[in-house]
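Below you'll find the structure, written out as C-alpha cells, and then a few comments.
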Amino acid sequence: MIDFLLAPFQLGFMQRALLGGLLVGAVCALVGTYVVLRGLAFVGDALAHAAFPGVVIAYLLKANIYLGALVFALATAIGIGLVSRRGRVSPDTAIGILFAGAFALGVLLMSTIQSYTVDLFSFLFGDILAISETDLVVVGILGAAVLAVIVLCYKELLLTSFDPTVAEAMGYPVQALNYLLLGLVALTIVIAIQAVGIILVVALLVTPSATAYLVTRRFLPMMIVGVLFSCAAVGMGLALSYYLNVASGAAIVLLSTCLFFLTLGVRHLFPAAARS
Amino acid sequence: MPEKMPWRYCLAVRDLAAGYDGRPAIEGISFGIAPGQMVGVIGPNGAGKSTLFKAILGLIPRHRGEILLHDVDAMGQRALMGYVPQLEQVDRAFPVTVRDVVMMGRYPRIGWLRRPGRADARAVDQALERVELLPLAERRIGELSGGQAQRAFLARVLAQDPHVLLLDEPVSGVDATTQHAIFAVLEALRDGGKTVVVATHDLNCVIERFDQVLCINRRLIAYGPPGEVFREEVLEQTYGNHLMVVRVGDRQVVVADEHKP
Chain G
109 MIDFLLAPFQ LGFMQRALLG GLLVGAVCAL VGTYVVLRGL AFVGDALAHA
159 AFPGVVIAYL LKANIYLGAL VFALATAIGI GLVSRRGRVS PDTAIGILFA
209 GAFALGVLLM STIQSYTVDL FSFLFGDILA ISETDLVVVG ILGAAVLAVI
259 VLCYKELLLT SFDPTVAEAM GYPVQALNYL LLGLVALTIV IAIQAVGIIL
309 VVALLVTPSA TAYLVTRRFL PMMIVGVLFS CAAVGMGLAL SYYLNVASGA
359 AIVLLSTCLF FLTLGVRHLF PAAARS
Chain H
97 MPEKMPWRYC LAVRDLAAGY DGRPAIEGIS FGIAPGQMVG VIGPNGAGKS
147 TLFKAILGLI PRHRGEILLH DVDAMGQRAL MGYVPQLEQV DRAFPVTVRD
197 VVMMGRYPRI GWLRRPGRAD ARAVDQALER VELLPLAERR IGELSGGQAQ
247 RAFLARVLAQ DPHVLLLDEP VSGVDATTQH AIFAVLEALR DGGKTVVVAT
297 HDLNCVIERF DQVLCINRRL IAYGPPGEVF REEVLEQTYG NHLMVVRVGD
347 RQVVVADEHK P
C-alpha cells in the first residue's frame with residue numbers, strides 16, 4: 109500500500125507536484141478554518157473567479173500571472189466590502205454582481221486571443237503536474253507570508269471571528285481585520301490556482317477545514333487537523349491521478365470530498381467518539 | 097444640569113443622540129454614574145436600551161453629545177468598558193472552550209503580537225471560579241446551557257476587569273439559580289467600586305437590588321433611586337399606561353396589567 113502510494117513520486121515532476129500540492133493544501137486549510145467558521149465560502153469562490161480576468165490580462169501583457177490574479181482578487185475583496193457596507197444591497201448580492209461581472213470580463217478577454225488558449229484553460233482547471241521550480245518558490249514565499257499573518261494576529265482574528273461585536277466594543281479595528289482576512293483569502297486563492305484551478309479552488313478552501321470541524325473542539329486543533337486532511341487528500345489524489353491517468357486537481361478535490369463524507373459517516377455511527 | 101458641574105462620575109453621558117441611517121433612535125439622554133453604583137436601565141421593547149449601550153460602546157454612529165469615562169472621551173479607552181451582549185449574539189457552534197472564551201477578555205491587556213502569560217491564566221481561573229464554571233472550563237461553549245453560557249460571558253468580562261460593565265438583559269431566559277448567581281457577582285463588583293449598568297425587564301428586581309434606575313423610551317424619562325423614580329406618572333411615560341406601582345406593606349411592587357396593549 110505504502111509502496112503503491114510512494115512509487116509515482118520517484119518522478120521529478122511528481123515530486124514537484126507533491127511539494128507544491130502539500131504547500132497549497134496546508135495554506136488553504138489554515139485560511140479555510142476562518143472561511144468555514146465565518147461562512148465565507150461564497151466569498152472565496154467569488155474571489156477565485158474574479159482573479160480570472162487578472163490572469164488573462166497578465167497573459168496578454170506578458171506580465172506575472174500571480175500578480176495579475178492577486179490584483180483582481182484583492183480589488184474584488186475591497187469591492188465586496190464597500191458595496192455591502194454602503195447598505196442597499198446585501199453582501200450576498202454584492203458578491204454575485206461583482207464576481208460574475210469580473211469572470212465575464214475574463215472570458216471576453218480570453219475570446220480575443222486567437223491561439224493557445226489552452227494555457228489559460230489550465231488556470232480554470234489547474235495543472236499541478238506542470239508546476240515549475242519558480243512556481244514552488246512563489247508558493248513557498250506567499251504561503252509563509254499567510255502563515256506569518258495568522259500567527260501574528262492569531263488572538264485578534266480568533267476574537268473577531270467568534271464575537272465581532274465585543275471585539276469592536278473592546279476597541280479592536282474589526283473592519284480592518286475583516287479586510288485583512290479577505291486579503292488572506294485572496295492570497296491563498298492565488299497560490300492555489302496553479303494546483304486546482306479557479307473553478308475548484310473553493311473546495312480546497314472549505315472541505316478539509318469542514319472535515320476537521322467535525323472532529324475537533326478547539327480552534328487551533330481544527331486548523332492543524334484541517335492541514336492533515338488537506339495534505340492526505342493531496343498525496344492520495346496525486347497518486348490516484350497517476351495510476352488512473354485522470355486530472356490531478358479534480359482527483360485531489362474528490363478525495364477531499366470523500367474524506368468529508370467518510371468522517372461525517374463515522375461521526376454519525378460513533379457519536380461518543382466524536383470531537384476530541 | 098448646570099454647565100460647569102464638576103464631573104465626578106465614572107461614566108457620564110451628555111445630550112446623547114445616536115442611531116443608524118442618520119435618524120436618531122435615542123436622543124436627549126444625559127446622566128452621570130458615580131463609581132460603585134449598580135444602575136438598571138428599563139424601558140419597553142424598542143425603547144432603545146440596547147441602542148444606548150451600543151452608542152456608549154461606540155458600536156453605532158453618535159449624532160450628538162458626549163460620552164465620558166473619568167471625564168475623558170470614552171472612545172480612546174474602550175477596553176475600560178466591558179460589554180455582555182444579549183445571549184443570542186454569538187455563534188455557539190464555534191470551536192472554542194469556555195476557558196478560551198474567558199481568555200478573550202484578557203486580549204486588550206495582553207496587547208497585539210503577544211501571547212497570554214501566567215498572570216492571564218490566573219485571571220481566567222479566578223473569573224471562572226467566581227461564576228462557578230471552573231469544572232466546565234474545558235467544555236466547548238456550545239455544550240453549555242443558556243444560563244451557563246451567560247455565566248461564561250460574565251466571566252469573560254470579569255477577566256477583562258473593566259471600570260464600567262454594561263450588561264444587556266443578562267438574566268433574560270435563564271433559570272432562577274443563575275439569576276441569583278449573576279446578581280451576586282454583580283453586587284460584589286459594585287461593592288468593589290465598579291460601575292455596573294444592566295438593562296432589564298424585571299422592575300421588581302430593580303427595586304430590590306439597584307441603586308439607581310434609568311427609565312428611557314427613546315428619550316430619558318427619569319433617572320434616580322428606584323424609590324423616587326418609580327411613580328405612576330414616570331412608569332406611564334416609560335411604558336404607556338399598563339403598569340401600576342403597588343405598595344405591599346413597606347415594599348413597592350410593580351404590577352403589569354396584561355390586558356392592555
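Top line first, the protein sequences correspond to chains G and H.
Just so we're aligned: 141 in our numbering is position 33 of the first sequence, and the numbers increase by one with no gaps anywhere.
Just so we're aligned: 109 in our numbering is position 13 of the second sequence, and the numbers increase by one with no gaps anywhere.
Beta carbons: idealized from backbone N, C-alpha and C, even for Gly.
Small disclaimer: the values here were computed from a predicted structure and weren't measured.
Self-check item: Any chain G beta carbon closer than 8 Å to L112(H)
Solution: no
Quiz prompt | With 16 other Cβ atoms within 10 Å as the buried cut-off, status of P281(G) | solution = exposed
Quiz item: Sorted by chain position, which residues of the same chain lie with C-beta nearer than 6 Å to G336(H)'s C-beta, five sequence neighbours on each side aside?
Solution: none
Quiz item: So L206(G) and A294(G) are in contact, right, with Cβ under 8 Å, and what is the actual spacing, rounded?
Solution: 13 Å between Cβ atoms; not a contact.
Quiz item: What residues from chain G crowd round Q185(H), counting only those whose CB sits closer than 8 Å?
Solution: D271, T273
Practice problem: For the alpha helix (DSSP H) containing A151(H), list its first residue and its last residue. | Solution: 145 to 152
Exercise. List the residues that DSSP assigns as beta-bridge partners of C311(H).
Key: I138(H), A318(H)
Quiz item: Can you find a C-beta in chain H that's less than 8 Å from the C-beta of A137(G)?
Solution: no
Quiz prompt | Cβ-based burial, M278(G) [other Cβ within 10 Å; buried from 16] | solution = buried
Quiz prompt | Best match in V349(H), I312(H), D298(H), E332(H) for proximity to G323(H) [C-alpha to C-alpha] | solution = V349(H)
Quiz item: With which residues is V180(H) paired in a DSSP beta bridge?
Solution: L263(H)
Quiz item: Identify the residues that DSSP records as bridge partners of D169(H): which are they?
Solution: L164(H)
Self-check item: Nearest to A358(G) (by Cα), restricted to the options L312(G), A238(G), R325(G)
Solution: L312(G)
Quiz item: If you draw a straight line from the C-alpha of L363(G) to the C-alpha of A115(G), how long is it?
Solution: 19 Å
Quiz item: Name the chain G residues that come within less than 7 Å of P191(H), Cβ to Cβ?
Solution: Y321, T324, R325, R326, F327, M330
Quiz item: Going along chain G, which residues have a C-beta under 8 Å from A175(H)?
Solution: M278, G279
Quiz item: Between K263(G) and chain H, is there a C-beta pair that is closer than 8 Å?
Solution: yes
Quiz item: What are the start and end residues of each continuous alpha helix (DSSP H) run of 4 or more residues lying completely inside the stretch 170 to 209 of chain G, in chain order?
Solution: 173 to 193
Quiz item: F117(G) lies in the beta strand (DSSP E); which residues open and close that run?
Solution: Looking at the DSSP string, F117(G) is not in any beta strand (DSSP E), and its letter there is neither H nor E.
Quiz item: Once you ignore the five residues that flank M101(H) on each side, which residues in its own chain have a CB closer than 7 Å to its CB?
Solution: Note that M101(H) has pLDDT 47, beneath the 50 cutoff, so the model's placement of it is unreliable and no number is given.
Quiz prompt | Cutoff 7 Å; reference I165(G); Cβ partners in own chain excluding five residues on either side | solution = G176, L217
Quiz prompt | Helix, strand or coil at I221(G) [DSSP, three-state] | solution = coil
Quiz item: Taking the alpha carbon of D117(H) as the point to measure from, which residue in L169(G), G147(G), R196(G) has its own alpha carbon closest?
Solution: R196(G)
Exercise. Indicate whether at least one CB of chain G lies closer than 8 Å to the CB of D196(H).
Key: yes
Quiz item: Quick one: which chain H residues come within Cβ less than 9 Å of S213(G)?
Solution: Strictly speaking, residue 213(G) in this sequence is Leu, with Ser absent from that position. Here the premise fails: no neighbours, minimum Cβ distance about 34 Å.
Practice problem: Rank N313(H), L232(H), F190(H), L107(H) by C-alpha distance to the C-alpha of M177(H) and give the top, closest one. | Solution: L107(H)
Practice problem: Check distances from the C-beta atoms of the stretch 139 to 168 of chain H to those of chain G and list, in chain order, the residues that come in under 7 Å. | Solution: L153, L155
Exercise. Output the boundary residues of the alpha helix (DSSP H) element that contains D271(H).
Key: No alpha helix (DSSP H) contains D271(H), which DSSP labels as neither H nor E.
Quiz prompt | Contact list for L260(G) against chain H, beta-carbon separation under 7 Å | solution = L209
Quiz item: So, are the CB atoms of Y321(G) and P191(H) less than 8 Å apart?
Solution: yes
Quiz prompt | Own chain residues within Cβ distance below 7 Å of L301(H), not counting five before or after | solution = The amino acid at residue 301(H) is misidentified as Leu; the sequence shows Cys. The answer is none, since no qualifying residue turns up.
Quiz item: Alpha carbon to alpha carbon, how far is V132(G) from V247(G)?
Solution: 7 Å
Exercise. Using a Cβ-Cβ cut-off of 8 Å, state whether L145(G) counts as contacting chain H.
Key: yes
Exercise. Alpha carbon to alpha carbon, how far is F337(G) from V374(G)? Give it in angstroms, no decimals.
Key: 15 Å
Self-check item: Pairwise C-alpha distance: V215(G) and D200(G)
Solution: 23 Å
Exercise. Along the alpha helix (DSSP H) that carries R218(H), what are the first and last residues, could you check?
Key: 214 to 226
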